[in-house]
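Below: one structure, written as structure tokens.
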Amino acid sequence: MAPTSMAQALNAALRDAIAEDERVVVFGEDVGRLGGVFRVTDGLQASFGEDRCFDTPLAESGIAGFAVGMAMAGFRPVVEMQFDAFAFPAFEQVVSHIAKMRNRTRGAVGLPIVIRVPFAGGIGGVEHHCDSSEAYYAHTPGLKVVAPATAADAYSMLREAIDDPDPVVFLETKKLYWSKQDIELPTTTEPIGRATIRRPGRDATLIAYGPTVPLAVAAAEAAEEEGWDVQVVDARSLVPFDDETIAEAVRGTGRCVVLQEAPGFAGVAAEIAARVQERCFHSLAAPVLRVAGFDVPYPPPKLEHVHLPGVDRVLDALARLQWDDQPDAKWLDGVRSQEDAA
Amino acid sequence: MEWLPSSSPVRLLEQPDPDYALPEASRLLAAYRAMVIGRRFDAQATTLTKQGRLAVYPSSRGQEACQVGAALSIGADDWLFPTYRDSVSLVSRGIDPVEVLTLLRGDWHCGYDVPSARTAPQCTPLATQTLHAVGLAHGESRKGNDTVAMALLGDGATSEGDFHEALNFAAVFRAPVVFFVQNNGYAISAPLAKQSAAPSLAHKGIGYGVRSEQVDGNDAAAILSVLDSAVAHARAGNGPFLVEAHTYRMEPHTNADDAARYRSPEEVEHWQQRDPISLLERHLRAGGHLDDATAERIAGEAEEFAARVRTRMQEEPPVDPEDLFRHVYAEPTPQLVEQLAQLRTEQEAL
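Residue numbers (our numbering), protein chains in the order written: chain A, 76 to 417; chain B, 664 to 1013.
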């Protein structure tokens, strides 16, 4: 067992995939000699040559559209979009073509493309470097969308994404690139489409993915001091989504908070909350709550700590879940006064 | 100055050109036949739209030299990346006309078998397919094949970012792609002057290092000759080639458009005088390669072709609601399996 960072695990996954399958090609901006701005593609060009790992002109729509043609020619492109918001010029190619080619051709042409998107914030980046774009992709049928939160998952899920016959938007949490885990590579974790329990607990369930997984674990540890035994579920895969594991987890606790870093309105957490509610209504002792970023453009570095959900915001949400024990909770007063007015 | 296109569009039917040879008469006769059939198909599709059998049809009447030239200048193993206006090109390529009309009829988004036809689905967003052509051409050449990809686009598409990214990628990777711009004068209602201030659209290749040429889009001989040399250039490993054809769309953008609002009858009449089929027919007759009997035979073939399309389009092939879920992912997600069950319940209740 060796301490391995998520960036190293991703690098190893790319390295192994290129070595094992001659159809795999890695390309994007600065992925060649530089090894990517986060060094995820470090050394790949030196080891495998420019045919297998190459720099493209600086044009994200070009990268995505070029990947469509490469995949039609039988390759398995793994492309890097340098930063989340830099991928937006490629949005049309991703949603209108990459997501739909299998459908348009009645299954005759699948596009096994992996779009690696370094996403989310908390790294002190200036604007356009810290956005959370998962809802845009998850809302588009035809794309799979995953967000690993551990080095082991990063390795295993990237290998699986590259082997997948369908396009996968692979969201890499920037602030977790350097987080380490004692693992032996290669490793295989749960398949894409499955959630996993990161921490057992009886009193409430926190559902997280990507950047909010370590936050959920930290909040659960802090809650322990308040005497709450809090469970943490890592959704891992947003599309396909593991309704079963997550519903079962929530039924076991009866209380649920969904965490995301992205603005809350119309976000993935809202979708998860709705799905949990539909499946667990009779087991719930409290409404499903969301903890999210504010509905504001991603803030400048000196304000991001205000915007991003932290342990306190999660603990506040957990406190609100105790409403049946605390009928005078403030938020309920608000609901009651609205009802009285109506 | 080898990158610079000719100062005026290449023409061959009415005058010789020092750089381009007149194609052989047999090839021109084959093009003539395909153009006559293509125009009849186009007219039939327009009628089917008026009858409500097609949701919409973007006519390419007047652009037959371009449509047919594109199909005839590439080989069976080459790839075509067409737009919604290029149905005649697909018919000339030998794709079943009813399968070509599937998109516009509303049965599915693409009716033909893309891999075996080596023809991408007809693209509705502008210029996005040009990047697919570049990626495919690069991929095929990486595999050691001498496949050429031809991307079709209109003048409006040259304003889109993807067109510029595609030219740049193609030049940097020396991808064997031919960008064939059919400049038909209007992007729906916006005239060329509102699209571009460049001396010609062919000039747009220069800045990217893409060899470019402009050609009279209503002169089938010039189209064939220029596209032949562009395809040969790409196939030989010399990188991409951009061809701009100056042509004119005689019909409105689609049946939903009112072209009288933005162009004059005089302008349409001017182009009517340069009808691509008439130009070629005059040339073939003058050279003794076409007589009344042959012209009548070809016209008869075109009528039969249209009649077959008409008959087959009167059939209403059943659509299968479960197809909705079959082609989203290779394996449906649990969510889609649930929704399929819901759909079945809904269908059984009918």
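We put the beta carbon where it would ideally sit given N, CA and C, even for glycine.
From a predicted model like this one, the values you see are computed outputs, not experimental measurements.
Taking residue i as the reference, give the member of the options with the closest Cα.
i                      : options                     : result
residue 135 (chain A)  : A:230, A:310, A:165         : A:165
residue 909 (chain B)  : B:667, B:672, B:668         : B:672
residue 1002 (chain B) : B:953, B:989, B:1013        : B:989
residue 190 (chain A)  : A:242, A:204, A:148         : A:242
residue 877 (chain B)  : B:870, B:864, B:871, B:869  : B:864
residue 384 (chain A)  : A:376, A:202, A:366         : A:366
residue 810 (chain B)  : B:883, B:821, B:894         : B:894
residue 173 (chain A)  : B:768, B:997, B:991         : B:991
residue 222 (chain A)  : A:256, A:278, A:271, A:322  : A:271
residue 715 (chain B)  : B:983, B:1010, B:987, B:976 : B:976
residue 235 (chain A)  : A:91, A:386, A:389          : A:91
residue 915 (chain B)  : B:684, B:697, B:724, B:885  : B:724
residue 124 (chain A)  : A:140, A:93, A:133          : A:93
residue 203 (chain A)  : A:193, A:357, A:148         : A:193
residue 375 (chain A)  : A:206, A:137, A:127         : A:206
residue 150 (chain A)  : B:986, B:802, B:743, B:718  : B:802
residue 873 (chain B)  : B:855, B:890, B:830         : B:830
residue 201 (chain A)  : A:209, A:159, A:217, A:177  : A:159
residue 815 (chain B)  : B:928, B:748, B:824         : B:748
residue 78 (chain A)   : A:253, A:117, A:352         : A:253
residue 961 (chain B)  : B:994, B:698, B:781         : B:698
residue 283 (chain A)  : A:356, A:333, A:377         : A:333
residue 80 (chain A)   : A:352, A:96, A:113          : A:113
residue 885 (chain B)  : B:951, B:729, B:957         : B:729
residue 197 (chain A)  : A:394, A:377, A:327         : A:377
residue 678 (chain B)  : B:917, B:883, B:1013, B:892 : B:883
residue 249 (chain A)  : A:356, A:328, A:286, A:226  : A:286
residue 731 (chain B)  : B:927, B:688, B:887         : B:887
residue 996 (chain B)  : A:319, A:256, A:302, A:83   : A:319
residue 769 (chain B)  : B:690, B:808, B:712         : B:712
residue 324 (chain A)  : A:336, A:337, A:351, A:342  : A:351
residue 145 (chain A)  : A:95, A:313, A:185          : A:185
From the DSSP secondary-structure annotation, give me the bridge partner or partners of residue i.
i                     : result
residue 312 (chain A) : A:221
residue 282 (chain A) : A:308, A:333
residue 255 (chain A) : A:80
residue 746 (chain B) : B:786
residue 905 (chain B) : B:842, B:875
residue 817 (chain B) : B:845
residue 246 (chain A) : A:192
residue 673 (chain B) : B:878
residue 152 (chain A) : A:100
residue 164 (chain A) : Paired residues: none, contrary to the question.
residue 272 (chain A) : A:308
If contacts are defined as beta-carbon pairs under 8 Å, then residue i and residue j qualify, I think. What distance do you get, rounded to the angstrom?
i                     : j                      : result
residue 115 (chain A) : residue 130 (chain A)  : Not a contact, Cβ separation roughly 14 Å.
residue 157 (chain A) : residue 139 (chain A)  : Going by Cβ atoms, the distance from residue 157 (chain A) to residue 139 (chain A) rounds to 13 Å, so no, they are not a contact pair.
residue 708 (chain B) : residue 695 (chain B)  : About 20 Å; that fails the 8 Å criterion.
residue 845 (chain B) : residue 880 (chain B)  : 6 Å
residue 850 (chain B) : residue 819 (chain B)  : 3 Å
residue 292 (chain A) : residue 273 (chain A)  : 6 Å
residue 363 (chain A) : residue 331 (chain A)  : 5 Å
residue 142 (chain A) : residue 152 (chain A)  : 4 Å
residue 675 (chain B) : residue 685 (chain B)  : 5 Å
residue 824 (chain B) : residue 746 (chain B)  : Going by Cβ atoms, the distance from residue 824 (chain B) to residue 746 (chain B) rounds to 17 Å, so no, they are not a contact pair.
residue 316 (chain A) : residue 998 (chain B)  : 7 Å
residue 984 (chain B) : residue 1010 (chain B) : 6 Å
How about residue i: is its Cβ closer than 6 Å to a heavy atom in the ligand NAP?
i                     : result
residue 819 (chain B) : Absence of the ligand NAP is noted for the structure shown, with no ligands found whatsoever.
Original post:
For the 8 Å Cβ check, are there 3 or more pairs between the region 954-972 of chain B and the region 695-708 of chain B?
Top reply: yes
Original post:
What are the uninterrupted segments assigned as beta strand (DSSP E) that are 3 or more residues long and contained completely in the region 359-384 of chain A, given in chain order?
Top reply: 364-368, all fully within the region 359-384 of chain A.
Original post:
Just checking, does the region 935-943 of chain B make contact with the region 736-756 of chain B on the three C-beta pairs under 8 Å criterion?
Top reply: Taking a contact to require three or more Cβ pairs closer than 8 Å, the region 935-943 of chain B and the region 736-756 of chain B do not qualify as touching.
Subject >> Contact between the region 249-264 of chain A and the region 92-107 of chain A (3+ Cβ pairs under 8 Å) >> reply: no
Original post:
When Cβ atoms are compared, which residues of the region 804-830 of chain B fall closer than 8 Å to chain D?
Top reply: Judged by its chain identifiers, the structure shown contains no chain D, and its protein chains are A and B.
Original post:
Is it a yes or a no for the region 230-241 of chain A touching the region 275-286 of chain A, going by three-plus beta-carbon pairs under 8 Å?
Top reply: With the cut-off at 8 Å, the region 230-241 of chain A and the region 275-286 of chain A do not touch.
**OP:** Would you list, in sequence order, the uninterrupted beta strand (DSSP E) runs of no fewer than 3 residues that lie entirely inside the region 820-886 of chain B?
**Re:** 840-846, 874-879
Subject >> Ranges of the beta strand (DSSP E) found wholly within the region 78-129 of chain A, counting only runs of at least 3 >> reply: The qualifying runs are 99-103.
Original post:
Taking contact to mean at least 3 C-beta pairs separated by less than 8 Å, is the region 171-188 of chain A in contact with the region 858-873 of chain B?
Top reply: no
Subject >> Meets three-Cβ-pair contact criterion under 8 Å: the region 747-759 of chain B and the region 939-955 of chain B >> reply: no
Subject >> Given 8 Å, three or more beta-carbon pairs between the region 387-395 of chain A and the region 287-303 of chain A >> reply: yes
**OP:** Assess, as a yes-or-no matter, whether the region 759-775 of chain B is touched by the region 790-799 of chain B under the definition of 3 or more beta carbon pairs within less than 8 Å.
**Re:** no
Original post:
Using 8 Å as the threshold, is the region 834-842 of chain B in touch with the region 901-908 of chain B, meaning 3 or more CB pairs across them?
Top reply: yes
**OP:** Jot down the residue ranges of each uninterrupted alpha helix (DSSP H) in the region 666-735 of chain B, minimum 4 residues, whole runs only, in chain order.
**Re:** 688-713
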